[in-house]
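Residue numbers (the working numbering), protein chains in the order written: chain A, 103 to 222; chain B, 51 to 349. Beta carbons are placed, not taken as given, at the ideal position from N, Cα and C, and that holds for glycine. Everything below concerns the one structure shown next.
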Amino acid sequence: MLTVNVAKSGEVTEVLLTGELDGMTSSQLEQQLNSLIGSGERRFLIRFAALALITSAGLRVFLGFAKKTHKLNGKMVLCEMSPNVRGVFDMAGFSNIMTISATAAEGKALLEPDSTPTTP
Amino acid sequence: MFASSGNVSKEEAARTAAIAGAIDVLVTLSALIAAHSSVLLADFLKTSLEFVAVLLSWLAIRRIVGGTQHQFDYGLGKLENLSSLFVGSIMLLGMLVIVINAIANMLNPSHIAGLGVWISLIAQIVFGGINSLLSWRSFRTARAENSPLLKSQGQLFFTRAFGNVFILLALGLSLLLSGFSWSVYIDPAASLVIAASILISAIGVLSSSFYDLLDRTLEEADQIVILRELAQRFHDYEALHGIRSRRAGGQVFIEVFLEFDPDETMGEIQMVADALCRSIEAQIPSSRVAVALAKEALH
């Protein structure tokens, strides 16, 4: 089960993930992220603090979403990952193409309008 | 279209196995007729069931080879998996027969005797060597071609070689220790050990074939390989529209739906697609990768 909570903080859209992101729940997240993009949001802070598990299906969502934000000159920062989740991102080579910060505060700073682009 | 060399070598291996199995059945039958031994009865039943399984595999492979000549052009992996399922079921049946026979002979024990015992002793040595050789050949070909059918055959021959050694020991010890009253239990006890080994092999064959037959999805490790390759080529495509993957027999089919920059030429897109396919196929055994242009890319 996955719960997706969305909160707006200035120009940054915070997406807090709680539960498990796998083949059963990945389409739910994909739809919500697409909906946010569709409504004009461009700066995303994805918070993984309460995410217990991520599988390849979940990774696929972030790869597709990274492409979309890049195409629209948006920014996406992933933060608060547990060592296990971070390990999965590293293994898939996503750490090289996505910006990952340790804390939400660091992530927000990276999403400030005058910060350098974070999505390749 | 001609039959592939891989399928021809499979057919040759299966035909050799079927002929060897038929000879084995005749020898065990003659030993059974010429002796009073519960182990030999179990050996005959087991050998006969295995022969039926090998014969079925050979017929399945013959049909597959025929398929490349426009007689059976679809679902080759499925046919192999169905044959493997049947082989596994036959092995389970053989195991049950041996167990029932062993229990019956433990309840009514008797000493082994007759010329058939000596025939069987020689036969176990000869067929033990042949089965070991066939097992090694089947495993080697199965690894090269990723064939569940030949893998199941390899397991079958290994089980048979194991059975040959055990029957040889059981008969030998029964003869050597016939002065002891408890020696009458050696034969059925050895049969139970053989039955246990058949059960383990049967479970392996059945589980592997069953999951492949259900078109199980790719393992996470393989999915990660695909994603890693897409991440490495992040700037070579415009958007990722999806990944489809499935297994069919020993083959893995992967389709990656990508959108490219409309300003890119088809030649440039083809180069990216080819590199991606080659890289994934090199890392996932027996995989066939196709890159499909997503709808937006065609506009």
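In the three-state DSSP reduction, residue 290 (chain B) falls in the strand class (E or B). When CB distances to chain A are screened at a threshold of 7 Å, not a single residue of the region 328-339 of chain B falls below it. By the beta-carbon neighbour count (other beta carbons within 10 angstroms, threshold 16), residue 183 (chain B) is exposed.
Taking the Cβ atoms as the reference, residue 140 (chain B) lies roughly 4 Å from residue 103 (chain B), within the contact range of under 8 Å. Only 281, 282, 284, 285, 287, 288, 289, 290, 291, 292, 293 from the region 281-300 of chain B bring a Cβ to less than 9 Å from some Cβ of chain A.
DSSP places residue 304 (chain B) in the uninterrupted beta strand (DSSP E) bounded by 301-309. Counting C-beta pairs closer than 8 Å gives fewer than three between the region 184-194 of chain B and the region 231-244 of chain B, which falls short of the contact rule.
Listed along chain B, no residue sits closer than 8 Å to residue 154 (chain A) by beta-carbon distance, the nearest being about 16 Å off. When B:318, B:333, B:215, B:252 are compared, the shortest CA-CA separation from residue 180 (chain B) is found for B:215. The beta carbon of residue 138 (chain B) sits closer than 6 Å to the beta carbons of 252, 255, 256 from its chain, once the five residues preceding and following it are set aside; these are given in chain order. Counted as a single uninterrupted DSSP element, the beta strand (DSSP E) harbouring residue 179 (chain A) occupies residues 177-181. Annotation: Cβ neighbours of residue 193 (chain A) in chain B (cutoff 7 Å, chain order): 274. Between residue 148 (chain A) and chain B, the shortest Cβ-Cβ separation is not below 8 Å.
The Cβ-Cβ distance between residue 308 (chain B) and residue 285 (chain B) does not fall below 8 Å. The Cβ of residue 198 (chain A) sits closer than 8 Å to at least one Cβ of chain B. Chain A has a Cβ within less than 8 Å of the Cβ of residue 277 (chain B).
Against chain B, the CB of residue 177 (chain A) has no partner CB under 8 Å away; the residue lies outside that interface. Residue 64 (chain B) and residue 108 (chain B) have their C-alpha atoms roughly 5 Å apart. Look at residue 270 (chain B): its C-beta is under 8 Å from a C-beta on chain A. Taking C-beta atoms as the reference points, residue 270 (chain B) and residue 326 (chain B) fail to come closer than 8 Å.
Note: residue 120 (chain A) is bridge-paired with A:105, A:152 in the DSSP secondary-structure output.
Distance between residue 250 (chain B) and residue 199 (chain A), taken at the CA atoms: about 46 Å.
Taking the CA atoms as reference points, residue 112 (chain A) sits about 33 Å from residue 277 (chain B). By alpha-carbon distance to residue 134 (chain B), the top candidate from B:156, B:106, B:152 is B:106. A direct Cα-to-Cα measurement between residue 67 (chain B) and residue 99 (chain B) gives close to 14 Å.
Restricting attention to B:260, B:288, B:295, B:289, the CA atom closest to the CA of residue 274 (chain B) is found in B:295. Within chain B, no C-beta atom comes nearer than 8 Å to that of residue 144 (chain A); the closest sits roughly 16 Å away.
Taking C-beta separations shorter than 6 Å and ignoring five residues to either side along the sequence, the partners of residue 194 (chain A) in its chain run 161, following chain order. Chain B has no Cβ within less than 8 Å of the Cβ of residue 180 (chain A). With a contact defined as Cβ atoms closer than 8 Å, residue 337 (chain B) and residue 304 (chain B) qualify at about 6 Å.
Contact note: residue 169 (chain A) reaches chain B through 284, 287, 288, 289, 290, 309, using a C-beta cutoff of 9 Å and chain order. Beta-bridge analysis with DSSP links residue 201 (chain A) to A:179. The three-state secondary structure of residue 72 (chain B), taken from DSSP, is helix. Within the DSSP secondary-structure output, residue 247 (chain B) pairs in no beta bridge. Ranked by Cα distance from residue 103 (chain A), the first of A:117, A:121, A:114 is A:121. Separation of the CB atoms of residue 181 (chain A) and residue 209 (chain A) is rounded to 4 Å, and the pair is thereby assigned contact status at 8 Å.
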